[in-house]
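Residue numbers (the working numbering): 908 to 1253. The structure appears below as structure tokens.
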Ligand code: ASP
């Protein structure tokens, strides 16, 4: 059907996840079904008056199985259909949604249309589902216009009445409907009686810049979460991993780590081999401040890079993206120190 110029057209991309799952009558466990299930269970979609189209992954993917190859598939669909639609809603499992949203924010350079990821804690076919509300509001937001342009031209996550910047979001709860948080950046919109946009915190695109889709990720990265009692053997095994290019260390508090000689020696050895180390806090809010305590000053002198207030999800996807894009260590470090898509504050 040809759309009229007045119509708002949206593409819903169903990748998988609980939002489209049913109980397998034989095993009792949750299994994914195809996209038709969603449209059957949300007849409200027809009332929107938007020109809604959908594509479904086949087979659909539980988000624990999503990897950079799948991010590229999502970005490919958006790139191929970019000119045909006013916005995109990506239905995705909640478990790794914050990783995919972060990855897409780095891949889709000069984005000027909304890409809203959502999912649900309960399958959409269940009476108490949170999936309907999430889907309906995500569609509303993806369609929203402000002076003729997209109101939210960013990669965002909509969940439980809140819209947050994708690369600032983290999954907090495997139980509550209020499953996501944006610890270091205000919500982009909040939904109550009204849909209130936090306009000062929405990044507007540069005019006339064409969409560029970056599709190369280098997965030779690791995350090392520190804990009291961590052994040299473990740290050594990680930094000596064959091919490892980037290491994120999840540190204590404002970026602190043990001052044991052996710990710094192992980090230095890795950096001297050309490795890059990014310091990200394991706290659920706040920022790394290297040099504030002796326990981070030594890492700073060793050449460890501060992750500032980045989430763990954004840090690993950003590192993979930068290592995929640049061969020079300096360029990767320069990228880590900059905000590429609003993922860190200054
Ligand atoms: N395991 C599911 C997934 O992430 C959970 C969910 O959708 O909430 O794909």
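We treat Cβ as the ideally placed atom computed from N, Cα and C, and that holds for glycine. Values in this document were obtained by computation on a predicted structure and should not be read as measured data.
Assuming the contact rule is C-beta atoms closer than 8 Å, residue i and residue j should be a hit. Round their C-beta distance to whole Å, please.
i            : j            : result
residue 1215 : residue 1161 : In fact, because the Cβ distance is near 11 Å, the residues do not count as touching under 8 Å.
residue 984  : residue 967  : Between residue 967 and residue 984 the Cβ distance is about 14 Å, and since that is not below 8 Å, they are no contact.
residue 1230 : residue 1239 : 6 Å
residue 1152 : residue 1125 : 6 Å
residue 1025 : residue 1045 : 4 Å
residue 1009 : residue 1073 : 6 Å
residue 915  : residue 993  : 5 Å
residue 917  : residue 1015 : Their Cβ separation, rounded to whole angstroms, is 16 Å, which puts residue 917 and residue 1015 out of contact at 8 Å.
residue 1011 : residue 1056 : So it is not a contact: roughly 20 Å between Cβ atoms.
residue 1019 : residue 1112 : 4 Å
residue 1144 : residue 1171 : Contact flag wrong, Cβ pair sits at about 17 Å.
residue 1003 : residue 1086 : No, residue 1003 and residue 1086 are not in contact; Cβ-Cβ is about 13 Å, not under 8 Å.
residue 1157 : residue 1187 : 6 Å
residue 1131 : residue 1100 : Not confirmed; about 46 Å, so no contact.
For the ligand ASP, is there any heavy atom lying closer than 7 Å to the beta carbon of residue i?
i            : result
residue 925  : yes
residue 1252 : no
residue 1001 : yes
residue 1007 : no
residue 991  : no
residue 1026 : yes
residue 1067 : no
residue 965  : no
residue 1037 : no
residue 970  : yes
Which residues does DSSP pair with residue i in a beta bridge?
i            : result
residue 1071 : 1064
residue 963  : 921
residue 1128 : 1153
residue 1187 : 1157
residue 1119 : 1016
residue 1252 : None; residue 1252 has no bridge partner.
residue 916  : 958
residue 1056 : 1053
residue 998  : 921 and 1025
residue 1103 : 1097
residue 1163 : 1159
*Counting only runs of 4+ residues fully inside the region 1200 to 1244, write out the alpha helix (DSSP H) ranges in chain order.*
1201 to 1209, 1219 to 1232 and 1236 to 1244
*Unbroken beta strand (DSSP E) runs of length 3 or more, entirely within the region 1076 to 1101: which are they?*
1096 to 1098
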